[in-house]
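Note sheet for the following structure.
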Amino acid sequence: MSMESIKYNTVLATYFSSQPLFFDGDLQKKPHIRKCVELPFQQTRAELWDDVTNTLCNLDFIQAKAVAKMTYDLVKDFNDVLEVIPENAANIRQQKERRHGWRSTQ
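Right, dumping it as structure tokens:
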């Protein structure tokens, strides 16, 4: 990804992180759906690994996704991050090698 793209994704991640998770405060019945979708996406694209990890592990964020009926989207967010986060690179490589090795023996 280019430095220019990372810069724009960082700006968008910063913007969405400043937004509330719920439009109705403590009632938590009206989630900010755009934030739920955009925040982990923009953080991942900006390579903000600590931020996206904190977002996806934040119980309020998980609650907002659940209220918005976006639990499958939450799982996709985790998978998307795991595919590109540097700390998981060795695991990804091993999985690909196993899959490739498995296919070649059939």
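The number in my numbering is simply the position in the sequence shown, starting from 1, with 56 added.
No residue lacks a Cβ here, since even glycine has one placed at the ideal position from N, Cα and C.
Every value quoted in this text rests on a predicted model; they were computed, and no experiment measured them.
How many Å lie between V108 and S61 at the Cα? As a working note, residue 108 is residue 52 in the sequence shown. As a working note, residue 61 is residue 5 in the sequence shown. In this model, V108 and S61 are separated by some 17 Å (Cα to Cα).
Give me, in chain order, the residues of the same chain whose beta-carbon lies closer than 7 Å to that of M126; leave out the 5 immediate sequence neighbours on both sides. As a working note, residue 126 is residue 70 in the sequence shown. The answer, listed in chain order, is C92.
Around the C-beta of N65, are 16 or more other C-beta atoms found within 10 angstroms, so that it is buried, or is it exposed? Along the sequence shown, one-based indexing puts residue 65 at 9. Per the 10 Å Cβ criterion, buried.
Give the single residue among V131, Y71, V123 whose Cα lies nearest to the Cα of I89. The residue given as residue 89 occupies position 33 in the sequence shown. Closest in alpha carbon position to I89, among V131, Y71, V123, is V123.
Report the residue ranges of all beta strand (DSSP E) runs contained in full by the region 108–132; include only those spanning at least 3 residues, in chain order. With a minimum length of 3 residues, no continuous beta strand (DSSP E) run stays inside the region 108–132.
I'd like to confirm something about N147: is its beta-carbon nearer than 7 Å to some heavy atom of the ligand MN, or not? This structure lacks the ligand MN; in fact it carries no ligand of any kind.
Which word fits K152, buried or exposed, when buried means at least 16 other C-beta atoms lie within 10 angstroms of its C-beta? Reading the sequence shown from its first residue, position 96 is the one you call residue 152. It is exposed - the Cβ of K152 has fewer than 16 other Cβ atoms within 10 Å.
First and last residue of the alpha helix (DSSP H) that includes F97? For the purposes of this step, residue 97 is taken as residue 41 along the sequence shown, with counting starting at 1. Looking at the DSSP string, the run of the alpha helix (DSSP H) that includes F97 is 89–101.
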